[in-house]
Structure formats: C-alpha cells, structure tokens
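From first to last, the protein sequence lines stand for chains A and B. Numbering of the first sequence is given in the working numbering, commencing with residue 24 and proceeding in unit increments. Numbering of the second sequence is given in the working numbering, commencing with residue 24 and proceeding in unit increments. A short write-up of the structure that comes next.
Protein chains: 2
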Amino acid sequence: MRLSRYFLPVTKETPADAEVISHKLMLRAGLVRQTAAGIYAWLPLGLRVLKKIEQIVREEQDRAGAVELLMPTLQSADLWRESGRYDAYGPEMLRIEDRQGRDLLYGPTNEEMITALFRDGAKSYRDLPRMLYHIQWKFRDETRPRFGVMRGREFLMKDAYSFDLDEAAGRISYNKQFVAYLRTFARMGLRAIPMQADTGPIGGDLSHEFIILAPSGESEVFFHKNWEEARSVEDYNVATDDTEALQTFVDSMTAEYAATDEKRDEAREAEMGDDLLRSRGVEVGHIFFFGDKYSKAMGLRVSGNDGSMITPVMGSYGVGVSRLAGAIIEASHDDDGIVWPEAVAPYKVGLINMRADDEACVAAADDLYARLEAAGVEVLYDDRDERGGAKFATMDVIGLPWQLIVGPRGLKNGVVELKNRASGEREELSAEAALEKLA
Amino acid sequence: MRLSRYFLPVTKETPADAEVISHKLMLRAGLVRQTAAGIYAWLPLGLRVLKKIEQIVREEQDRAGAVELLMPTLQSADLWRESGRYDAYGPEMLRIEDRQGRDLLYGPTNEEMITALFRDGAKSYRDLPRMLYHIQWKFRDETRPRFGVMRGREFLMKDAYSFDLDEAAGRISYNKQFVAYLRTFARMGLRAIPMQADTGPIGGDLSHEFIILAPSGESEVFFHKNWEEARSVEDYNVATDDTEALQTFVDSMTAEYAATDEKRDEAREAEMGDDLLRSRGVEVGHIFFFGDKYSKAMGLRVSGNDGSMITPVMGSYGVGVSRLAGAIIEASHDDDGIVWPEAVAPYKVGLINMRADDEACVAAADDLYARLEAAGVEVLYDDRDERGGAKFATMDVIGLPWQLIVGPRGLKNGVVELKNRASGEREELSAEAALEKLA
C-alpha cells in the first residue's frame with residue numbers, strides 16, 4: 024500500500040483523557056479514533072491489526088474443533104426473560120425499544136441466544152458434543168469507559184459455547200478451550216497467565232481468567248515467579264483429542280500458583296516467600312463451565328441413546344479481540360512508539376523513500392515495492408513528498424517490524440538500509456539481499 | 024469439515040411467513056435462523072456464504088483503490104445533528120438512550136461519521152482523492168421486515184465514501200465504483216443492471232441502483248432486452264486509472280435503457296416497442312454522488328495548492344452484503360434446493376459416504392476427504408450414520424456445486440460417482456480421476 028493513497032492520520036498530541044500508553048499510541052499512530060464515549064472507529068491501519076488478531080483467534084478455535092457462526096448484535100429481551108437474566112443484568116446492558124415498542128438489547132454476551140439456536144437445531148445425543156463460536160461486536164454500557172479500546176463500550180469479542188452430554192465431557196471441552204487460549208495468546212507474543220476466577224453474572228463453579236501483566240492493568244494479580252519464563256506456542260502443542268494427555272497438561276498449567284485479587288489463597292502465598300510475585304494484570308480471556316444453568320432454564324434437551332431426555336451441560340469462552348490490540352501495545356512498545364510482534368503487525372515492512380524528488384530514489388523504491396508485493400510481503404510504502412525525519416518518526420510510532428530505507432547516498436554505493444524496529448539494529452545491504460531477507 | 028461435528032439443522036417445513044423462495048431455502052438449508060423480527064443469526068453454512076460474498080466485495084473495492092476501515096455500529100446523535108439529518112431521518116432510525124441519558128443511534132448509514140473522521144485526518148489537497156469503505160452491520164427499523172435476509176432490520180452492508188477536490192474528480196471516483204459494482208455482481212454469477220435512481224434521504228443528483236431480476240423483487244423495472252445477454256466479469260475489465268476509457272465505458276453501460284418505476288421515460292419507452300422488457304427487480308447496490316452536501320454542512324475543508332480552503336465533494340456507494348445471499352438464491356435455485364455459483368458456495372464439494380457402517384466405504388471416503396483437504400479443496404463430508412436418501416436430499420438443498428458419492432457397489436467396481444448440482448449430470452470415475460477433476 025502506498026501511503027500517498029492511504030488514510031493514516033498520525034498525530035503528535037493526544038487528548039488528556041488518554042491515560043495509558045496503549046491508548047496514547049493507538050491515537051498517535053492513527054489506529055483508532057473515538058467517535059462517542061467508549062466507541063471507536065478502526066482506521067485502516069488499526070483494522071489490519073484487529074483482523075490479524077481475529078484470524079489467530081479463529082484459527083485456534085477451529086483447531087480446537089469449534090465451528091464458527093455469527094449471531095446478530097441486537098437481541099430480543101424475551102430471550103433473556105427465559106433465562107431470568109433480563110432483570111438480573113444491571114445497567115451495563117444497553118436496553119432498546121424499537122418502533123413497535125418491542126424490547127431489544129445490544130448483546131453483552133450470547134449464552135441465551137446460542138442456547139436457543141442449539142435447542143432449535145440439536146435433537147439427539149448424536150448432535151453432541153459441539154462447540155460453536157462467533158466473533159461479533161458487543162456492547163457494555165460502562166459507567167466510565169477508559170483506556171481506549173481496552174475498556175470500550177462497543178467491543179469485538181470472540182465467544183464460544185460448548186454443549187456436552189455430561190459433566191466429564193463438558194470438562195474435556197473446557198480443557199480444549201483452555202489450551203486454545205494459551206496458544207492464541209502465545210501466537211500474539213503475549214504471556215497470558217491462567218488464573219482461577221470468579222464467575223460473576225455468567226454463573227458456574229469452574230472458571231479461569233487469562234491475564235497478561237501490564238502496569239496499566241485494572242486488577243492486581245499474584246503468581247509464582249515461574250510464570251515469568253518465556254513460553255511460545257510450541258510449549259502448548261498438546262493433542263486435544265487425547266483426553267488424558269489434555270487433562271494432565273491443564274493440571275500442570277494450573278498447578279503453579281496464580282490468582283486474581285478475589286481468589287487469593289493467603290496460606291499458600293505465605294509458604295511461597297520470594298517465589299511470589301505481584302503485578303497488575305489485564306484480562307484478555309475468560310472461560311466458564313456452568314453446567315445446566317442455561318440449558319435447564321431454557322428447556323434445551325436432547326434424546327439419549329436409550330430414548331431418555333438429556334439436559335446438556337454448557338461452558339462459555341470469551342476473548343476480548345479489540346481489547347487485545349491495546350493489550351499487545353501495553354506489552355510491546357518503546358519510547359518511539361509501538362513495536363508490533365510480527366504475527367499481528369499491520370504490515371511486515373515499512374518502505375521509506377527518503378527523496379520523493381529524486382528520480383533514482385523513486386525508481387529504486389518503486390522497484391522494491393513492486394517486488395516485495397509480488398513476493399507476497401505486506402508492505403506499507405511511504406512514497407510521499409515529506410522530510411525524511413517525519414517519515415522515520417511515522418514508521419517508528421506505527422511500529423512495523425522492519426523498515427527498509429532507500430536514500431540517495433546509499434544508492435550511490437549500491438545499498439539500502441534495513442532497520443529492525445524491535446532491536447533498533449541497522450544494516451546496509453544490497454536491494455537483492457534485503458528482498459531475500461524479507462521474503 | 025465432517026458433518027458429524029458440524030451444526031447444520033436442515034428442515035423440511037418452513038414457517039408461513041417465509042413467502043419468497045430464498046427465505047424458504049435459507050431456512051430449509053440451515054443457513055440462517057430468525058432470532059427477532061427481521062434479525063437473523065447466520066449458522067455455520069450461511070456464514071461461509073456471507074464471508075465469500077464479503078470477500079468478493081472487498082477485493083473489488085480494493086481493486087478500485089478504496090481503503091478499508093471499520094466504523095462502529097452505534098453512533099452519537101450529535102453527529103447527525105451536525106448534518107441536520109437527526110430530525111429528518113424517519114422512524115427507520117433506531118434511536119437509543121444510554122445509561123447517562125446520551126442519545127445514540129444504530130447506524131443506518133455512515134455519511135456523517137466518515138465525514139467527521141476525514142475532517143479530523145485530512146488537512147491538505149494532497150490528502151485527496153481518497154475512497155474509504157467499511158463492511159459493517161447496520162440497522163433500519165423497517166415497519167414490516169420480510170423476505171428473510173433480503174429485507175431484514177439488522178443487515179450487513181458495504182458502504183464506501185469518496186472525497187475529491189472538485190466535481191470532475193468526484194465523477195471519476197463515481198465511475199470507479201460503478202465499474203467495481205458491475206464486476207462485484209458478475210463475479211457472484213449475478214446479472215445486475217445499473218438503473219438511474221432517485222437519491223432519497225442521501226441526497227445528490229447522480230445516482231444508480233444496481234438491480235437483479237427476480238420475480239420476488241420489491242419494485243418493477245423496465246429495460247432494453249439487450250440487458251438479457253449473459254455477461255461475465257471479463258466484460259468489465261476496464262482499467263480504472265484511464266479516466267477517459269473509464270468514462271466511455273460507463274457511458275456505454277448507461278446508454279441502453281434501464282429504469283426503475285420512479286424514473287421511467289415514457290417517450291423513450293414508446294419508441295422501443297418489443298425491445299422493452301419489464302420485470303421485478305431486487306436492489307443489491309446503490310451509488311450516489313452528492314457533491315458538498317455533507318462536507319459543507321459539517322465543515323470539512325482542506326487547504327489547496329495556493330493556500331485557499333477547499334470544500335471536498337463526496338459520493339457514497341452501498342452494497343447489501345447480507346441481502347446478496349438471498350438475492351443469489353433467488354437467481355439460482357431449482358425444485359430440489361439452492362444451486363450455488365461456485366464463487367460463493369459455502370463448500371465446493373459435498374462428499375457422501377453412503378454406508379457409514381461399511382468399513383471399505385468409510386476407508387475410501389475418509390481417504391478422499393483427507394486428500395481433498397490436502398489439495399485445498401473446500402469439502403463438506405457427510406460421514407454420519409444416516410440413510411443415503413436423506414444425505415442426497417441434504418446435499419441437494421444446500422446446493423454445493425459438486426457431490427462426490429462413495430457407495431459399496433461402486434467401490435467393488437473401483438469407481439465413485441460425481442454429480443454436478445447445477446446440471447444434474449452424473450459420472451462414474453475412479454477416485455483418482457475425481458480428485459484430479461476437483462482439485
């Protein structure tokens with residue numbers, strides 16, 4: 024993409040209400056703009072990040088055996104009256120009346136709707152187990168939306184739901200999602216720690232939050248120092264169809280102490296001594312097993328092998344997709360701007376032509392651009408007639424993993440410059456060598 | 024995907040309010056379920072169709088030079104007060120009050136918001152021309168939602184917006200979108216006729232609707248019989264950066280008579296005699312050029328080359344993405360069910376194992392499934408323990424382009440059966456030959 028045809032409004036100033044670094048950087052880098060309190064438009068560069076995050080989430084859900092569908096944003100209040108949550112849910116639920124006077128609401132979550140859809144479609148024990156998920160915009164009317172997309176009101180969420188014939192099978196689905204979550208966050212370059220959690224308005228007695236450490240986190244968390252070790256997706260390569268291996272793996276992942284403020288175990292902490300660390304944390308995922316809470320209330324039943332009727336057990340599994348864009352920046356930035364992990368970077372390479380008024384530079388940069396595109400490398404090409412300093416600052420703040428710089432002096436020596444955004448390392452090399460390295 | 028792990032609730036009966044064939048078939052084929060009046064959940068098979076349609080729309084927008092972003096579903100009423108449309112827009116706009124008593128609305132379109140975003144980000148003449156688009160859920164509170172997703176209340180729409188320095192440039196953007204629309208619909212196997220149209224609440228004086236012919240269409244349309252000729256995307260391969268060729272092409276496409284009910288030219292029709300045809304039509308796209316209507320009202324200005332301030336002119340360009348799923352079925356079905364054009368089919372191949380209790384059949388079908396997947400062919404595998412007749416009926420109603428049938432008799436002779444859904448042609452051939460044909 025040529026910057027001369029793009030829409031990338033980078034800015035130097037940020038509004039006073041941008042308290043946390045990710046919020047500031049998302050505004051400065053032209054990723055998002057607030058259009059109403061806690062409601063954001065995703066500008067072109069931000070949308071690319073959002074889609075990369077979404078795609079990683081999708082791939083790991085598919086790998087876990089979940090099937091994607093798409094439920095609407097608006098729901099009928101009647102559905103929530105069936106479960107009893109319409110009155111129980113507080114003022115965070117955005118309630119709407121349509122022109123016919125019917126009560127609607129903007130879905131904050133979808134347990135009721137998926138239960139109704141599954142009730143309509145599943146008839147017998149052979150239709151289970153199933154996991155279904157969607158990635159859709161939700162709304163929660165926070166009193167005080169802040170931290171940019173990390174605590175917005177309209178936000179993109181992946182929510183999956185499992186349906187099983189009994190509790191043991193339900194636990195297997197839960198474990199599959201548990202692993203999918205570890206893999207999902209690891210692929211984004213995040214270390215997310217699973218912590219026992221309260222179930223809140225979703226209900227149930229088994230629940231984990233996945234929390235990444237960041238000074239701007241909304242809650243305090245306590246964990247064993249072993250969680251500080253770097254881990255990659257390779258560490259989470261357990262085969263999810265081996266039930267026993269899966270349980271053993273999940274047990275090993277939950278053995279090491281990690282707890283949110285509400286779930287602390289003081290006796291255990293006292294024994295840990297220096298092994299106990301504390302930090303602030305940002306919740307990026309939350310999973311629940313809640314048995315027959317919704318299936319029973321809403322009359323979801325399937326016929327069993329022997330003709331009896333079975334009430335399935337369910338779990339639900341949420342990932343804050345739009346929130347993750349902010350969380351990743353919290354975990355990966357420096358004084359100059361964002362430092363995107365390659366897996367979620369909006370483009371892999373930022374190509375800079377230092378002199379848009381120099382024919383040789385234009386020809387060399389145009390050629391590199393065409394060849395990178397032809398090689399399938401995602402490249403953002405700053406072909407504008409601007410000063411080099413401004414171009415560097417823009418590239419640094421938007422944080423693409425590689426900067427490829429074409430300037431008149433280098434060209435005379437037959438070289439271009441390649442800069443690694445994360446390490447800051449610079450290297451002069453031929454255009455050919457640069458292409459080979461990036462392709 | 025194995026059907027034994029999928030969620031595909033096909034049905035024989037459809038509710039009485041499903042009047043048109045596409046609505047009936049979308050319910051029967053398990054593509055969608057209504058969750059509230061005019062609001063639909065897209066089940067897994069339906070979502071795949073929706074995504075294919077969306078992707079074709081996206082590719083043609085990108086080809087036209089439009090840049091994708093994503094605006095939120097909810098908008099501030101204040102934005103619409105700036106343009107004066109908050110009061111002017113009728114009861115189709117879903118108005119919402121949040122917990123703080125602020126007025127929001129569920130966006131029925133985005134002229135105001137994109138104008139505000141562009142006003143915030145574009146400063147000089149060098150920031151134009153630009154086309155920006157998004158694909159997002161919209162809401163229009165129709166009094167009488169009907170025809171399934173063809174006239175739903177919550178619907179997915181692609182809306183693009185162009186910003187140009189003067190009317191001549193604005194016309195070029197309009198022409199680029201005009202061509203993108205012809206290409207978009209042709210790629211989906213649809214013949215969409217561009218017709219001069221009223222501009223309605225969007226405003227402006229240049230506008231075309233793109234209409235496909237279908238007996239269930241909401242309006243009557245009148246057109247020259249030449250429009251009945253089959254056309255493919257190859258007929259629309261005009262280079263959009265050659266301004267003159269572009270205008271000549273658009274002129275040629277609008278020379279042949281085609282008008283909606285409101286825009287009929289009786290004198291011209293009288294001269295046409297037998298060349299004049301009439302039909303019912305479904306609007307699948309609508310494009311507008313409306314000059315400075317929004318930029319002026321909302322104070323969007325950029326600095327010109329000479330330091331003067333310029334008020335850009337704008338156009339907007341909508342495609343009914345979710346509506347298209349219904350429109351395509353209206354145009355492509357038979358007595359047995361849907362007949363998907365390959366470009367939007369949820370899967371290319373339906374693989375049927377006739378005997379899930381026969382080891383040889385299971386082995387052969389499993390092997391074909393694995394090899395089709397390995398070859399990157401999208402395949403839905405009916406591996407369930409059901410009667411062959413039910414499997415055939417399911418495959419016919421969901422309308423995948425190819426059915427590959429593995430049965431005990433054929434296997435004895437070393438053959439499988441391949442059926443073309445559209446033509447009904449059947450062929451016996453070796454598994455190898457079938458793979459080669461489908462890959």
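Think of the CB as a built atom: it goes at the ideal place given N, C-alpha and C, for glycine as much as any other residue.
| task | Report all residues from its chain with a CB closer than 7 Å to the CB of Leu-434(B); omit the five preceding and five following residues, and keep chain order. | result | Leaving aside the five residues that flank Leu-434(B) on each side, the residues in its chain whose CB is nearer than 7 Å to its CB run, in chain order, Ala-383, Cys-384, Ala-387.
| Run of the beta strand (DSSP E) containing Asp-419(B), from where it starts to where it stops | Careful: Asp-419(B) lies outside any beta strand (DSSP E), inside the alpha helix (DSSP H) at 411 to 421.
| By the 10 Å Cβ neighbour count, where 16 or more other Cβ atoms means buried, how is Gln-78(A) classified, buried or exposed? | exposed
| For Lys-181(B) and Leu-93(B), the rounded distance between their alpha carbons | 10 Å
| query | For Glu-91(A), which residues in chain B fall below 7 Å Cβ to Cβ? | reply | Pro-67, Leu-70
| field | Within chain A, the residues that Thr-58(B) reaches when beta carbons sit closer than 8 Å | value | Correct list: Met-94, Pro-95, Gln-98, Ser-99, Leu-102, Met-136, Ala-139, Leu-140.
| Going along chain B, which residues have a C-beta under 8 Å from Arg-28(A)? | Gly-88, Val-90, Arg-153
| request: Please indicate yes or no: does the CB of Gln-159(A) lie closer than 7 Å to some heavy atom of the ligand COA? | output: This structure lacks the ligand COA, and indeed carries no ligand of any kind.
| message | So, under 8 Å CB-CB, Ala-220(A) and His-309(A) are touching, yes? Tell me the CB distance rounded to an integer number of Å. | response | 7 Å
| request: Sort Ala-366(B), Phe-141(B), Ala-354(B) by Cα distance to Leu-155(B) and report the nearest one. | output: Phe-141(B)
| Closer than 8 Å, CB to CB, is Asp-164(A) near chain B or not? | yes
| request: Say whether chain A places a C-beta atom closer than 8 Å to the C-beta of Arg-394(B). | output: no
| task | Compute the beta-carbon to beta-carbon distance between Arg-346(B) and Phe-178(B), rounded to the nearest angstrom, for a pair I have assumed lies under 8 Å. | result | 6 Å
| said: Which complete alpha helix (DSSP H) runs does the region 82 to 125 of chain A hold, if anything under 4 residues is left out? | reply: 100 to 106, 108 to 111
| Minimum Cβ-Cβ distance from Tyr-63(A) to chain B less than 8 Å | yes
| message | So for Trp-425(A), helix, strand or coil by DSSP? | response | strand
| For the region 166 to 229 of chain B, which segments carrying the alpha helix (DSSP H) assignment without a break, of at least 4 residues, lie completely within its bounds, in sequence order? | 190 to 210
| field | Contact between the region 58 to 71 of chain A and the region 353 to 363 of chain A (3+ Cβ pairs under 8 Å) | value | no
| message | Please classify Gly-69(B) as buried or exposed, where buried requires at least 16 other C-beta atoms within 10 Å of its C-beta. | response | buried
| task | Indicate whether the contact test is met: 3 or more Cβ pairs, each with one atom in the region 322 to 337 of chain A and one in the region 412 to 424 of chain A, closer than 8 Å. | result | no
| Three-state secondary structure (DSSP) at Thr-58(B)? | Secondary structure at Thr-58(B): strand, using DSSP grouped into helix, strand and coil.
| Under the three-state DSSP convention, the category Leu-66(B) falls into | Correct three-state label for Leu-66(B): coil.
| Does the beta carbon of Gly-322(A) come closer than 8 Å to any beta carbon on chain B? | No, its Cβ sits nowhere closer than 8 Å to a Cβ of chain B.
| Can you tell me where the alpha helix (DSSP H) with Glu-455(B) in it begins and where it stops? | 454 to 461
| Assumed close pair Gly-343(A), Tyr-197(A) - CB separation to whole angstroms, cut-off 8 Å | That pair is no contact at about 19 Å.
| request: Give a yes or no on whether the C-beta atoms belonging to Tyr-317(B) and Gln-200(B) are separated by under 8 Å. | output: no
| message | Is it the case that the region 360 to 372 of chain B contacts the region 234 to 248 of chain B, given that we only count it when at least three CB pairs across the two stretches are under 8 Å? | response | no
| request: Please compile the residues from chain B whose C-beta is within a distance smaller than 7 Å of the C-beta of Asp-121(A). | output: Leu-117, Asp-164
| message | Looking at Val-372(B): is its Cβ nearer than 8 Å to the Cβ of Val-400(B)? | response | yes
| message | Is it buried or exposed, Lys-75(A), if we count other Cβ atoms within 10 angstroms and call 16 or more buried? | response | buried
| message | Give me the chain A residues within the contact set of Leu-127(B), using Cβ-Cβ distance strictly less than 7 Å, ordered along the chain. | response | Within chain A, the residues near Leu-127(B) are Ala-59.
| task | Just tell me which of Glu-115(A), Tyr-280(A), Thr-96(A) has its CA closest to the CA of Arg-122(B). | result | Glu-115(A)
| So which residues on chain B does Glu-177(A) lean against when the C-beta distance must stay under 9 Å? | Pro-95, Thr-96, Leu-97
| query | Start and end of the beta strand (DSSP E) containing Ala-31(B)? | reply | In the sequence on display, residue 31(B) carries Leu and not Ala. Taken as a continuous stretch (DSSP letters only), Leu-31(B) belongs to no beta strand (DSSP E), as it is neither H nor E.
| Buried/exposed call for Glu-450(B), threshold 16 Cβ in 10 Å | exposed
| What did DSSP end up calling Asn-260(B) once you bin it into helix, strand or coil? | coil
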